[in-house]
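Residue numbers -48 to -1, 1 to 282, in mature numbering (1 follows the signal peptide of the UniProt record, and there is no 0), belong to the letters of the sequence shown in order.
In what follows, a structure is listed as structure tokens, so that the remarks can point back to it.
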Amino acid sequence: MVASLGDHGRHTLPPVMPTPTRLTPSPPCSWLLALLLVLWGASEQSKGGKWQVLQPEGPMLVAEGETLLLRCTVVGSCTDDMIKWVKVSNQDQQEIYNFKHGFFPGVMPMIQKTLEPLNCDYSIYIHNVTTKHAGTYRCVRLDGLSEHSEKKLDEGTSVLVKRAGDPEPDLWIIQPQELVLATTGDTVFLNCTVLGDGPPGPIRWFRGAGLNREAIYNFRGISYPNVTAVQASNNDFSILLHGISTEYAGTYYCVKFQRKPNRQYLSGQGTRLRVKAKQTSLQESEFTNERAAKVFPSGLLSVLTLAVLGLKAVTLAALLLALAAHRRNP
């Protein structure tokens, strides 16, 4: 009876059918949809968390009638967000420049002057500076929804203006290089001239701005790898960066510190360094292969290779035949 029930079950329920029916309840579309949602949420979270504005703290000193360079670099997503410059005074914000729209006389983006693809660089020039330009400037973000949705991400850059009749300041920091282009492996010269004495305190070089800026050199006897001081004169605080790589790219600031209290006293306008990778080995190998192909065409080279291999085979066969004949007739 048990055998007959088993035979009946085999006729009514094929043994192969239950396996695919158990795998069908989880369609692949649900997995793809869940994966897309997770990736979208992670990208939105990282987009909001890694976005940061970098601008020097200052103060920066500029003479009346000269041109002021205000540095601003965005780290993170800088294509979807709008940037503008505002001047802050007594809790009021005056728009100085907007990269989205508007006409602002006397203000020009740095990228228009350098004609270089400065990605995520929102630095501006202010021409013919007057005493009205003294104050604090902020590089702020517009998220594109409304003018009131801007986010203050930095305290700004303070600017001091020297009028024509004012006495000479006790300190000037001059960084004449606005943009330096280099290739990996080069030695880069970063120029900094300090005129005057100012309060007691060291001169230091930094890369970047804000709390995460990196110390590059200190003229108080502290040595740093691949960095040397020039010291051509008592006013020269230039440095040399040796054997640079693409990781050296950034904006470098020459800064004067006040010893008591230990705080930043005056900063240079900054020098941006762009580093391109040197393309040598790949290009040389391609040039060598191309030159060899011109001297020995591929068809001729293959024929020569087959001929050499054929001669080797014939020579080996002749040696084997000679050895066999020698053994038969000693």
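For glycine and all other residues, C-beta sits at the position ideal for the given N, C-alpha and C.
Since the model is a prediction, treat every value here as computed from it, not as a measurement.
Could you spell out where the beta strand (DSSP E) holding residue i opens and where it closes?
i	result
Lys39	Met34 to Ser41
Ala181	Val179 to Ala181
Pro71	A small correction: the amino acid at residue 71 is Asn; Pro does not occupy that position in the sequence shown. From DSSP, Asn71 is part of no beta strand (DSSP E); its letter is neither H nor E.
residue 368	Nothing about residue 368 can be reported from this structure: the residues present for the chain run from -48 to 282 only.
Pro61	Val59 to Pro61
Tyr77	Ile76 to Ile78
residue 286	There is simply no residue 286 to check, as the chain begins at -48 and stops at 282 in what is shown.
Ser110	Thr109 to Lys114
Gln4	Gln4 to Leu6
Phe55	No beta strand (DSSP E) contains Phe55, which DSSP labels as neither H nor E.
Select from the options the residue whose C-alpha is nearest the C-alpha of residue i.
i	options	result
Leu21	Met34, Gln45 and Ile126	Ile126
Tyr49	Asn186, Asn71 and His79	His79
Pro177	Leu192, Asn186, Ala184 and Asn187	Leu192
Leu218	Val59, Asp122 and Thr25	Asp122
Phe171	Leu275, Gly153, Gly58 and Pro119	Gly153
Lys212	Ala86, Gly150 and Ser185	Gly150
Leu94	Glu166, Gly58 and Lys52	Lys52
Val5	Arg165, Ala277, Ala184 and Ser185	Arg165
Leu163	Gly108, Ala276, Arg280 and Ile35	Gly108
Asn187	Leu225, Asn71, Arg215 and Gly148	Gly148
Val14	Asp118, Leu70, Cys72 and Met60	Asp118
Report the three-state DSSP secondary structure of residue i (helix, strand or coil).
i	result
Ala274	helix
Thr83	helix
Thr198	helix
Ala269	helix
Val156	The sequence shown places Arg at residue 156, rather than the Val named in the question. Residue state, collapsed to three classes: strand.
Gln64	helix
Arg280	helix
Ala229	coil
Gln129	coil
Glu47	strand
Glu166	strand
Ala161	coil
Ser219	strand
Leu19	In the sequence on display, residue 19 carries Thr and not Leu. Of the three classes helix, strand and coil, the one that applies to Thr19 here is coil, per DSSP.
Gln210	strand
Leu253	Since pLDDT at Leu253 reaches only 46, below the 50 mark, its modelled position is unreliable, and the value read off the structure follows with that caveat. Helix.
Arg172	coil
Asp188	strand
residue 300	The first residue shown for the chain is -48 and the last is 282, placing residue 300 beyond what the model contains.
Thr139	coil
Val(-11)	Below a pLDDT of 50, predicted positions are generally treated as unreliable, and Val(-11), at 40, falls in that range; the measurement from the model is reported next regardless. Note: Val(-11) maps to helix in three-state DSSP.
How about residue i and residue j: are their beta carbons less than 7 Å apart?
i	j	result
Pro8	Ser110	no
Ile196	Asp138	yes
Val146	Phe209	no
Cys24	Tyr74	yes
Thr223	Gln129	yes
Arg115	Thr136	no
Thr198	Ala161	no
Glu18	Val81	yes
Val207	Arg156	yes
Ala134	Val227	yes
For my contact list, residue i and residue j are in at a C-beta cut-off of 8 Å; report their separation, rounded to the angstrom.
i	j	result
Leu88	Val40	According to the sequence as given, residue 88 is Thr; it is not Leu. Between Val40 and Thr88 the Cβ distance is about 5 Å, and since that is below 8 Å, they are a contact.
Trp124	Cys91	Rounded, the Cβ-Cβ distance is 24 Å, inconsistent with contact.
Val182	Tyr169	Wrong, their Cβ atoms sit about 11 Å apart, outside the cutoff.
Glu47	Val113	Actually they are not in contact, since the Cβ atoms of Glu47 and Val113 sit about 20 Å apart, beyond 8 Å.
Gly220	Tyr200	With a Cβ gap of about 18 Å, Gly220 and Tyr200 do not count as contacting.
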